[in-house]
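Engineer: Following this message is one structure expressed as structure tokens.
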Amino acid sequence: MTTRRDFLKTTGTLAAFSIVPRNVLGRGFMAPSDVINVGFIGLGRQARGLQARFLETKEINLLAACDVDKTKSENFIKEQFTKNSKQYFGEVKTAPQVYENYLELLDRKDIDGVVIATPDHWHASIAIRAAEKGKDIYLEKPLTFTVAEGRALVNAVRKNNRVLQTGSMQRSGDNFRRACELVRNGYIGEITEVRVTIGGPPREVDFQPETVPAGMNWDMWLGPNQPHPYHHFLAPRLEDNFWAKWRYYKGFGGGDVTDWGAHMFDIAQWALGMDESGPVELYPPTDPNAQQGMVFKYANGVNMIHHDFGKGNAVQFRGKDGIIEVSRSFLIVPDNLKDVQLKANDIKLAAPVGGNHYKDFLNSMRTRQKPLCDVEIGHRTCTVCNIANIGYEIRRPLKWNPITERFDDRLANKKLTRKLRSPYGIKI
């Protein structure tokens, strides 16, 4: 029998336990109702949109923010945060603390997860350190700058038992899931070809150096990259009304092949059931100036072609019994499939928990289950993009082993990694 003294000792212990901060107990003790403490790293145009998307969930406290450009940091706090807080909470909450060095943000014990929206060349270095610091991660696509960095990130996330959601939010779209389910379940018959319409690979830098603006830590912006002159195309000023153009230049981005390819090749991989694999052969176009035409051959014989079929950034699945086309603005299926319902034994692809990509990530932080676009998925899609750019650069047929993640070509293999500048680099 339990004595009164034993009862009081037990309940007293429980009461003391209940007020211990969550960061002391560990992420496994996060309750479904817990508000999650988040920090943002990178505060440019993409981050401003992500801030709104995360705040509208009403499931986070935005505690900290980091950028190497003071004008963007100030705008993020004074303008964006104030506006979004009023919109989603009805009042202005305490403004996030601002940092220039992301390591200071990662050192905070009260932050559960980070949203990383920096240029691509920084992704792996920041995300791996975030994993090592025990943070869960929402990382913008494309996941990493090289294949080797991608595998290192997967390893770091797994080793440290972290959650990572890739920012490939098309996976949370009904149209894309519907298209992939129809393809995966054979509703247009055996797939003979997949056509992916996106722009081309990156180009050489073709602009003159400019003076670094006041308040910009250009050396930190370059981070793991080698020294390079500043230009506002690479790091737009707050008043510049365009998406940063670093994505189109070698050394900073992978052109549309990685920028839009991380979205559209991702849908092709999903539909083909290749989330943990990839193509086995690459055939670049024979025209040395061609910016499209790469053919990816999968082990099952399906060819995926980087080809413009005239409908913007989109994917076309060609089967023996019909064609399906999908983009952010349309889903075109054969007439006989418009109202078809999946059968009980058909493959059902996962939908985002909570109805969107951001709530899905927050749910995974609480449950410790893999999110909709887990780190391995993001890495495999990014790998398709990166090896495509390698093929476009060296312009010869290549065999790719998706298990070892190596080519049959010495020069191509050298391009699977890059030299990272100390102290910003990571161990590959």
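Positions 4 to 431 (this note's numbering) are the ones given, in order, by the sequence shown. Backbone N, C-alpha and C fix where the C-beta goes; we use that ideal spot for every residue, glycine too. Please read all numbers here as calculations on a predicted model, not as lab measurements.
Which residue from T60, I39, N78 puts its Cα closest to that of R240?
Structural biologist: Sequence index remark: in the sequence shown, residue 240 carries index 237 (1-based). The shortest C-alpha separation from R240 is found at N78.
Engineer: Excluding the 5 residues preceding and the 5 following D311 in the sequence, name in chain order all residues of the same chain whose CB lies nearer than 8 Å to its CB.
Structural biologist: For the purposes of this step, residue 311 is identified with residue 308 of the sequence shown, where counting begins at 1. Taken in chain order, the residues that qualify are T200, Q295.
Engineer: Tell me the rounded alpha-carbon separation between R321 and V197.
Structural biologist: Here residue 321 corresponds to residue number 318 of the sequence shown, with the count starting at 1. Here residue 197 corresponds to residue number 194 of the sequence shown, with the count starting at 1. Going by the C-alpha atoms only, they are around 6 Å apart.
Engineer: Identify whether N1 lies in helix, strand or coil by the three-state DSSP scheme.
Structural biologist: The first residue shown for the chain is 4 and the last is 431, placing residue 1 beyond what the model contains.
Engineer: Write down the C-beta distance between V95 and V41 rounded to the nearest angstrom, noting that I regard them as a contact closer than 8 Å.
Structural biologist: Residue mapping note: residue 95 aligns to position 92 of the sequence shown, counting from 1. Residue mapping note: residue 41 aligns to position 38 of the sequence shown, counting from 1. The Cβ separation is near 17 Å, so there is no contact.
Engineer: If you draw a straight line from the alpha carbon of R154 to that of Q90, how long is it in whole angstroms?
Structural biologist: Working through the sequence shown from its first residue, we reach residue 154 at position 151. Working through the sequence shown from its first residue, we reach residue 90 at position 87. About 39 Å.
Engineer: Could you check where the beta strand (DSSP E) with V95 kicks off and where it finishes?
Structural biologist: Counting from 1 along the sequence shown, the entry for residue 95 is found at position 92. First-last for V95: undefined, no H or E at that position.
Engineer: How many angstroms separate the CA atom of A274 from the CA atom of A217?
Structural biologist: Here residue 274 refers to the residue found at position 271 when the sequence shown is read from its first residue. Here residue 217 refers to the residue found at position 214 when the sequence shown is read from its first residue. One C-alpha to the other measures close to 47 Å.
Engineer: Does the stretch 391 to 410 come into contact with the stretch 119 to 133, if we say contact requires no fewer than three beta-carbon pairs (one atom in each stretch) closer than 8 Å?
Structural biologist: Result no; under three Cβ-Cβ pairs closer than 8 Å.
Engineer: So which of D259, K75, F148 has the shortest CA-CA distance to T386?
Structural biologist: The residue given as residue 386 occupies position 383 in the sequence shown. Among D259, K75, F148, the Cα nearest to that of T386 is on F148.
Engineer: Between the stretch 337 to 346 and the stretch 209 to 224, do at least 3 Cβ pairs fall closer than 8 Å?
Structural biologist: No, the stretch 337 to 346 is not in contact with the stretch 209 to 224.
Engineer: If we ignore side chains and look at the alpha-carbon of each, how far apart do W403 and M307 end up?
Structural biologist: Looking up residue 403 in the sequence shown gives position 400. Looking up residue 307 in the sequence shown gives position 304. Those two C-alpha atoms are separated by around 14 Å.
Engineer: What first and last residue would you give for the beta strand (DSSP E) that runs through A68?
Structural biologist: Along the sequence shown, read from residue 1 onward, the residue named residue 68 stands at position 65. Residues 63 to 69.
Engineer: Taking the continuous beta strand (DSSP E) assigned at N404, which residues delimit it?
Structural biologist: Residue mapping note: residue 404 aligns to position 401 of the sequence shown, counting from 1. Where N404 is concerned, the enclosing beta strand (DSSP E) stretches over 401 to 404.
Engineer: Could you tell me the boundaries of the beta strand (DSSP E) in which Q168 lies?
Structural biologist: For the purposes of this step, residue 168 is identified with residue 165 of the sequence shown, where counting begins at 1. Where Q168 is concerned, the enclosing beta strand (DSSP E) stretches over 167 to 169.
Engineer: How should P24 be labelled, buried or exposed, when 16 other C-beta atoms within 10 angstroms of its C-beta is the threshold for buried?
Structural biologist: Position 21 of the sequence shown, counted from the start, is the residue given in the question as residue 24. In this prediction, P24 scores a pLDDT of 42, lower than 50, which makes its location untrustworthy; the coordinate-derived value is nonetheless stated afterwards. P24 should be labelled exposed.
Engineer: Beta carbon of I270, beta carbon of V318: below 9 Å?
Structural biologist: The sequence position of residue 270 within the sequence shown is 267, counting from 1. The sequence position of residue 318 within the sequence shown is 315, counting from 1. Their beta carbons are under 9 Å apart, which means I270 touches V318 by this criterion.
Engineer: Comparing C-alpha positions only, which one of L109, F299, P405, Y286 sits nearest to E279?
Structural biologist: Position 276 of the sequence shown, counted from the first residue, corresponds to residue 279. When only C-alpha atoms are compared, the closest one is P405.
Engineer: Closest to R206 by C-alpha separation, out of L106, V150, N292, would be which residue?
Structural biologist: For this step, residue 206 is matched to residue 203 along the sequence shown. Per the Cα distances, N292.
Engineer: What does G116 pair with, by DSSP beta-bridge criteria?
Structural biologist: In the sequence shown, the residue the question calls residue 116 occupies position 113. V41, D139.
Engineer: Please report the residue range of the alpha helix (DSSP H) in which V199 lies.
Structural biologist: Locating residue 199 in the sequence shown gives position 196, counting from the first residue. Premise fails: V199 lies in the beta strand (DSSP E), 194 to 200, not in any alpha helix (DSSP H).
Engineer: CB-CB under 6 Å to F364, same chain, minus the five flanking residues each way: which ones, in chain order?
Structural biologist: As a first step, residue 364 is located in the sequence shown; it is residue number 361 there, counting from the start. Taken in chain order, the residues that qualify are Y141, Q168, P374.
Engineer: So, using beta-carbon positions, are I80 and A98 closer together than 9 Å?
Structural biologist: Numbered from its first residue, the sequence shown carries residue 80 at position 77. Numbered from its first residue, the sequence shown carries residue 98 at position 95. Their beta carbons are under 9 Å apart, which means I80 touches A98 by this criterion.
Engineer: Under 9 Å between the Cβ atoms of P288 and Y301?
Structural biologist: If you number the sequence shown from 1, residue 288 lands on position 285. If you number the sequence shown from 1, residue 301 lands on position 298. Not closer than 9 Å, so no.
Engineer: What do you get for L28, buried or exposed, if any count of 16 or more other CB atoms within 10 angstroms of its CB means buried?
Structural biologist: Taking the first residue of the sequence shown as 1, we reach residue 28 at position 25. The predicted model places L28 with a pLDDT of 49, which falls under 50 and marks its position as unreliable, so this point remains unresolved.
Engineer: Tell me which same chain residues have a C-beta within less than 6 Å of the C-beta of R30, skipping the five on either side of it?
Structural biologist: By one-based count along the sequence shown, residue 30 stands at place 27. With a pLDDT of only 48 at R30, under 50, the local geometry of the prediction cannot be trusted, and no value is derived from it.
Engineer: Measure the beta-carbon distance from V157 to E379 and round it to whole angstroms, keeping in mind my assumption that it falls under 8 Å.
Structural biologist: Position 154 of the sequence shown, counted from the start, is the residue given in the question as residue 157. Position 376 of the sequence shown, counted from the start, is the residue given in the question as residue 379. With a Cβ gap of about 6 Å, V157 and E379 count as contacting.
Engineer: Under the three-state reduction of DSSP, which class applies to R409: helix, strand or coil?
Structural biologist: Taking the sequence shown and counting its residues from 1, one reaches residue 409 at position 406. Strand.
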